[in-house]
Each structure stands twice: as structure tokens, then as C-alpha cells.
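**Student:** Here it is, the structure in full.
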Amino acid sequence: MEIKPEIIFIGILILVPAQWFLSPSETGHLKYHLNSLIATAKQYLPDFLTMKKDSDAEAAESKAMEDETNPDGNGAYGMGRYLRQRAPEVEFRVGDVVYHKKLGFRGLIIGWDELAIAPEKFLKVAHGDNKNFATQPNYAILIDTRDRFTPQMSYVVQENIQLDKGTIWHPLVEKFFDGFDEKRLKYIMRPVYKQYYPDD
């Protein structure tokens, strides 16, 4: 049986990036990179196979961007791209290392909302019967991989966290921060995120 050159080309095209994803600098990140590769394939493979029109793809991308940047829409979980005006009730800042008092993990704040912005279904599960949690500041947090085996993020209500010290291990730290300030005991936000949190 002869293998067509097109099949060989597609195989090489897939295997070379897969090899890069599967050879991380630290063995603890292997599962993260593998899940990332699978999620990317699941996201783009159906579109590739059905070959959507360019106008459909552009409309979907435009809608996704609109949802992400609209604080009243789906720019949820503390990750919406809009300017935050710091209110007195917001205790923590982007770059703070915190400890979850109930779940016992350490994490790094990467975003916040003055009031919870998340789907109602999520809020019911995460907050349970505590209706007042939705009216408090909520924080997007990278969970330290020493406390959770796989890299995770969480959206946490303010009253469940407290300031902590030290550095956080998570593969996304470098995406949000330029480094750790030893004197201030906090991470230095990258300029692209500073525009959304100017007072942090």
C-alpha cells in the first residue's frame, strides 16, 4: 500500500508542533502542554474540516472580542478587558500572592471584578447559598501547581482569601508578569495588563 505524499506532509505538519508541545522545559508541565494541544485541536479541527466561509469566521471572532471586552457581557471571571477603577472595598491587587482560607491553596491574582461577573450557573455552584458573595469583589487567581497537580485557575470571592508571601509556580505566570519584586513581595504586571488595572 502506497502512502500519498499529501498524507506524509500533513503528518509531518502535525507531528513537528506536537513534538515541540510535548517537550517542555519541566516535566510537570507535560500534562498542561498536552491538554493545550488537544484543546487547540478540538477548537480548530471542526472549522478546518467544514471549511467555514471567511465572513463567518470574522463574525465569530468579532463577537468573541466583543464579549471579552464588554464588562456587562461575557468578559467574565475577572478577565474582561476593560479599565478597572479601584474602589475602596477591593482589598487585593493584581500581582498579590494570596492564600485561600477554606480550600488551602496559594495563588496569584491576575484579575478582579468589583462585583462577580460570571454566568449565573457558575455562581450558584461556586457561591452556593451565599448570595452576598456576588456583590463582593471576586478575583481571578492562578493556583500554585505545588498545591494542585495540574495548572488551574480559580475565581474566588474576597472574604475567602488573605495575603501570603513567596512566589507561585504556574506555567502562565510569565504571560501576565515580568517578574517578582522581592521588596514589595508582589509580582510586576506586564504593561499590556497595566492598562486595565492602572492603580494596581
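With mature numbering (1 follows the signal peptide of the UniProt record, and there is no 0) applied, the sequence shown covers -18 to -1, 1 to 182.
A virtual CB, placed ideally from N, CA and C, is assigned to each residue, including glycine.
1) May I have the straight-line CA-CA distance separating K168 from H109, to the nearest angstrom?
2) So for A41, helix, strand or coil by DSSP?
3) Leaving out the 5 sequence neighbours to the left and right, which residues in its chain are closer than 7 Å to E96 when beta-carbon positions are compared?
4) For I(-5), count neighbouring Cβ atoms within 10 angstroms of its own Cβ and tell me buried if that reaches 16, exposed if not.
5) Output needed for Y81: all residues of its chain with C-beta closer than 6 Å, excluding positions within five of it in sequence on either side, in chain order.
6) Could you pull out every residue in the same chain whose Cβ sits closer than 7 Å to the Cβ of T117, ignoring the five residues on either side in sequence?
7) Assign G57 to buried or exposed, taking buried as 16 or more other Cβ atoms, counted over all protein chains shown, within 10 Å of its Cβ.
8) In its own chain, which residues sit with a C-beta less than 8 Å from the C-beta of M171, not counting the 5 before and 5 after it?
9) Please report the residue range of the beta strand (DSSP E) in which A122 lies.
10) Let's test the definition: count the other Cβ atoms within 10 Å of the Cβ of A23 and tell me whether it reaches 16, buried, or not, exposed.
11) Alpha carbon to alpha carbon, what distance is there between L90 and D163?
12) How should I150 be labelled, buried or exposed, when 16 other C-beta atoms within 10 angstroms of its C-beta is the threshold for buried?
13) Going by the beta-carbon positions, is the gap between P173 and L154 smaller than 8 Å?
14) I need the straight-line Cα distance from Q25 to M61, nearest angstrom please.
15) Where does the unbroken beta strand (DSSP E) through H109 begin, and where does it stop?
16) Buried or exposed: which applies to I(-11), given that a residue is buried once 16 or more other Cβ atoms fall within 10 Å of its Cβ?
17) Measuring only the C-alpha atoms, how far is I99 from K83?
**Tutor:** In short:
1) 28 Å
2) Since pLDDT at A41 reaches only 47, below the 50 mark, its modelled position is unreliable, and no value is offered.
3) A69, V72, P119
4) exposed
5) R88, Q144, D146
6) L97
7) buried
8) V76, G77, F158, F159, D160, Y179, D182
9) 120 to 125
10) exposed
11) 13 Å
12) buried
13) no
14) 20 Å
15) Looking at the DSSP string, H109 is not in any beta strand (DSSP E); the run it does join, the alpha helix (DSSP H), is 102 to 109.
16) exposed
17) 22 Å
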